[in-house]
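The next block holds one structure in the form of structure tokens; read it before the comments.
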Amino acid sequence: MPCPALPDGFDFTDPDLYHQRVPLPELAELRGTAPVWWNAQPHNIAGFGDDGYWVVTRHQDVKEVSTNPEVFSSNRNTAIIRFNESMTRDQIDVQKLIMLNMDPPEHTRVRQIVQRGFTPRAIRALEDTLRERARRIVARAKAAGSGDFVTDIAVELPLQAIAELIGIPQEDRARIFDWSNKMIGYDDPELAITEEIGRDSALELISYSMNLAAARKECPAKDIVSALVAAEDEGNLGTDEFGFFVLLLAVAGNETTRNAITHGMHALLTHPEQWALYKSERPRSAADEIVRWATPVVSFQRTATCDTALGGQEIKRGQRVGIFYSSANNDPQVFDAPERFDITRDPNPHLGFGGGGPHFCLGANLARLEIDLIFNAIADAAPGIQLVGEPRRLRSAWLNGVKELRVTYT
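Residue numbers (the numbering used here): 303 to 712.
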């Protein structure tokens with residue numbers, strides 16, 4: 303197999319790299335020369351006590367890893383591909399209580415419970431409320447005339463959707479957003495968020511959620527929380543399990559959708575023919591193309607439970623395997639002209655909601671709804687929206703995040 307033309311020491315999880323860009327050219331180089339490639343790292347730089355991980359870049363291989371949890375475990379080292387040298391094993395193991403980091407059969411049990419909150423009926427029940435919220439969010443931003451699209455618009459609807467779904471009172475929602483931001487900002491020095499602050503924020507969110515669950519156990523209401531926790535002995539979540547479930551929602555449902563919305567707005571405004579098309583036709587296919595284009599989670603990881611082979615490479619038991627969704631979503635073997643942003647793209651078998659298998663995103667339909675509602679609201683009330691500056695990116699080892707996007711609302 304040919305050797306990829308990459309600089310010495312290149313690391314596909316370097317947070318400084320993602321502070322500038324997603325390494326799409328380098329990922330394309332791997333797809334063509336070494337689709338499963340060993341990325342050496344300085345010992346323990348990622349917090350796992352090892353010397354690197356495998357980079358998986360092709361669409362078909364990402365799907366294979368995602369759908370084979372018996373061989374590729376989320377639980378052994380969690381799904382997060384990089385922590386840091388100061389991360390202890392105990393701190394990693396605590397994160398195994400989050401559904402994202404479970405394997406079957408425990409994952410199957412928890413998912414079967416929590417998916418009660420994401421049925422088509424539950425999502426439809428939110429639609430009118432979220433449509434009105436989307437309109438109010440855009441109207442408020444337009445009244446200001448200009449601002450930061452991230453804080454004015456992109457953050458609001460995903461936060462409100464999750465809060466609405468699980469019944470968080472309006473007066474507490476700003477706290478949820480603040481805790482969520484601090485949990486994922488530890489890699490970015492500009493945010494002045496230490497790992498300790500991030501951990502404390504996670505604990506605050508878990509504690510808040512556990513108290514909410516305990517209250518519903520004591521006095522059930524007609525809401526999702528009660529459906530998930532009020533009868534633990536009948537197959538519902540324990541109070542602590544609910545706390546970690548809300549922690550997952552705060553990142554998987556809030557941060558990812560807000561970044562998809564932000565990248566989507568930037569893509570539409572830098573492809574004006576697509577924005578004109580959206581305003582005139584409002585294609586439902588736009589949401590999936592925005593998710594493909596943005597791919598808010600660049601990568602997750604799995605750990606090999608046994609010696610195995612993938613893409614012509616021998617993978618040893620205990621080695622970490624990085625599945626790079628950003629690469630899979632730009633695989634020309636699957637997508638015609640993947641470098642083209644096309645809101646009418648159909649079919650669109652992107653992996654922005656995961657590669658299938660047990661960890662396929664529970665909230666995929668809710669995310670599609672939020673994206674559809676917010677861009678409809680923008681097209682109705684602020685069709686002349688314009689960029690003022692380039693996106694300011696988040697420094698992160700695995701999130702394709704944007705901190706700021708300055709615009710004018712017209």
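Beta carbons are placed, not taken as given, at the ideal position from N, Cα and C, and that holds for glycine.
None of these values were measured; they are calculated from a predicted model.
Distance CB(residue i)-CB(residue j) smaller than 8 Å
i, j, result
"Val364", "Phe626", "yes"
"Gly703", "Asn561", "yes"
"Glu706", "Val440", "no"
"Val623", "Thr605", "yes"
"Glu387", "Ile347", "yes"
"Ile718", "Phe602", "Residue 718 is absent from the model: the chain starts at 303 and stops at 712."
"Ser528", "Arg333", "no"
"Val600", "Leu701", "yes"
"Leu308", "His661", "no"
"Val338", "Gly614", "yes"
"Ala445", "Ile455", "no"
"Thr559", "Ala681", "no"
"Leu671", "Glu331", "no"
"Gly722", "Thr369", "Outside the displayed span of the chain (303 to 712) sits residue 722, for which this structure offers no information."
"Arg584", "Asn483", "no"
"Pro317", "Ser698", "yes"
"Phe643", "Ala569", "yes"
"Ile425", "Asn667", "yes"
"Ser589", "Ile673", "In the sequence as presented, Ser is not what sits at residue 589; that position holds Ala. A contact, by the Cβ cut-off of 8 Å."
Reduced DSSP secondary structure (H/G/I, E/B, other) of residue i
i, result
"Thr359", "coil"
"Ile625", "strand"
"Thr610", "strand"
"Trp595", "helix"
"Val704", "strand"
"Ser375", "strand"
"Thr559", "helix"
"Leu505", "helix"
"Thr410", "helix"
"Asp688", "At residue 688 the sequence reads Gln, which differs from the Asp that was named. Here Gln688 sits in strand by DSSP."
"Phe602", "strand"
"Glu641", "coil"
"Ile464", "helix"
"Glu458", "helix"
"Ile383", "coil"
"Ile425", "helix"
"Gly656", "strand"
"Arg694", "strand"
"Met512", "helix"
Spatial distance of residue i from residue j (CA atoms)
i, j, result
"Arg413", "Gly419", "10 Å"
"Phe547", "Gly686", "39 Å"
"Met389", "Asn379", "12 Å"
"Thr710", "Leu459", "19 Å"
"Ala515", "Glu543", "10 Å"
"Gly349", "Gln397", "13 Å"
"Gln462", "Glu575", "31 Å"
"Gln343", "Asp474", "42 Å"
"Gln393", "Glu498", "12 Å"
"Arg360", "Leu612", "11 Å"
"Asp648", "Lys581", "19 Å"
"Pro598", "Gln621", "25 Å"
"Asp479", "Glu616", "Here the sequence assigns Phe to residue 479, which means Asp is not the residue at that position. Cα to Cα, the separation comes out at about 43 Å."
"Arg501", "Gly540", "22 Å"
"Gly555", "Leu549", "10 Å"
Exposure of residue i, with buried meaning 16 or more beta-carbon neighbours within 10 Å
i, result
"Lys618", "exposed"
"Glu520", "exposed"
"Glu557", "buried"
"Thr572", "exposed"
"His565", "buried"
"Phe312", "exposed"
"Asn513", "exposed"
"Ser509", "exposed"
"Pro422", "exposed"
"Arg435", "buried"
"Gly656", "buried"
"Asp609", "exposed"
"Ala523", "exposed"
"Ala578", "exposed"
"Glu591", "buried"
In DSSP terms, what residue i is bridged to
i, result
"Gly449", "Val709"
"Ser338", "Per the sequence shown, residue 338 should be read as Val rather than Ser. DSSP output for Val338 lists Val358 as bridge partner(s)."
"Glu583", "The partner list for Glu583 (beta bridge, DSSP) is empty, contrary to what the question assumes."
"Gln615", "Leu612"
"Gly311", "Answer is none; Gly311 lacks a bridge partner."
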